[in-house]
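Enquirer: Chains as they are written, first to last, in my numbering: chain A, 583 to 694; chain B, 4 to 117. C-beta atoms are modelled at their ideal positions from N, C-alpha and C, and glycine is treated no differently. Structure below; questions to follow.
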């Protein structure tokens, strides 16, 4: 049973525009969320995270928003650049647990 | 350079032939983990280790074994591989299990079991 879901397998955006990647989760006990970026033939690399006590975290062009009542988080990339083209995974964990749960990934293509 | 190293990167083998995928990290990380990535299923955690001699099952442990005899190494063992274990495998490590500790991933091992 997939506890973290990314319902959009792919997304295409023009360079300079905003990219919005979405993630939904089912377990209300999750209290930490992370986004990872993955290029082909490489492992995922950490991008940005957010604790459940916050609703927004920003790092440069990347902002993550958390809506706990909707069990939904989103990653905004502004402005999008061709180098942002990659697969993005969201992940969740519980403070009292030792496991991480990943979504299925969204493949972002930024068109020059 | 801080890194997680997996070997081999690619392996084609046959059903039932025992294999080991090695994972080593040079960051003195306590927490290590194995994942498999399959189309439509994302990354699923196989096993994880909180520290030396402490391992536990993730979501999909069936058919796999692990050991953590040294802090830096966390090998994944397939005693009797089967075709449904054909997948892309990632090893990851983090300083601790604590929240806010992002995992560092290796570059992956693509296993094909015929």
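Whose C-alpha, out of B:48, B:34 and B:64, is nearest the C-alpha of residue 73 of chain B?
Expert: Among B:48, B:34 and B:64, the Cα nearest to that of residue 73 of chain B belongs to B:34.
Enquirer: Tell me which residues share the same chain as residue 674 of chain A and place their Cβ nearer than 6 Å to its Cβ, disregarding the 5 neighbours each side in the sequence.
Expert: For residue 674 of chain A, where only same-chain residues beyond five positions count, the Cβ hits under 6 Å are 586, 607, 612, 615 and 683.
Enquirer: If we define contact as Cβ-Cβ less than 8 Å, is residue 93 of chain B a contact residue for chain A?
Expert: Chain A, which has a Cβ nearer than 8 Å to the Cβ of residue 93 of chain B, makes this yes.
Enquirer: At least one CB of chain A closer than 8 Å to the CB of residue 106 of chain B: is that the case?
Expert: Closer than 8 Å: yes.
Enquirer: Could you say if the segment 12–23 of chain B and the segment 634–651 of chain A meet the contact criterion of at least three C-beta pairs nearer than 8 Å?
Expert: The segment 12–23 of chain B vs the segment 634–651 of chain A: no contact.
Enquirer: How many angstroms separate the CA atom of residue 591 of chain A from the CA atom of residue 688 of chain A?
Expert: Straight-line Cα distance between these residues: approximately 5 Å.
Enquirer: Since residue 91 of chain B contacts residue 37 of chain B with CB under 8 Å, what's their CB separation in whole angstroms?
Expert: At roughly 12 Å, the Cβ-Cβ gap does not stay under 8 Å, so residue 91 of chain B and residue 37 of chain B are not in contact.
Enquirer: Please report how far the alpha carbon of residue 55 of chain B lies from the alpha carbon of residue 610 of chain A, in whole angstroms.
Expert: Taking the straight line from one Cα to the other gives about 31 Å.
Enquirer: Establish whether the CB of residue 14 of chain B and some CB of chain A are separated by less than 8 Å.
Expert: For residue 14 of chain B, the answer is no, since every Cβ of chain A falls outside 8 Å of its Cβ.
Enquirer: From the DSSP output, which residues share a beta bridge with residue 628 of chain A?
Expert: Answer is A:618.
Enquirer: Using 8 Å as the Cβ pair cut-off and three pairs as the minimum, do the segment 649–669 of chain A and the segment 41–55 of chain B touch?
Expert: Because the criterion of three Cβ pairs below 8 Å is not met, the segment 649–669 of chain A and the segment 41–55 of chain B do not touch.
Enquirer: Give a yes or no on whether the C-beta atoms belonging to residue 109 of chain B and residue 8 of chain B are separated by under 8 Å.
Expert: In this structure, residue 8 of chain B lies closer than 8 Å to residue 109 of chain B by Cβ.
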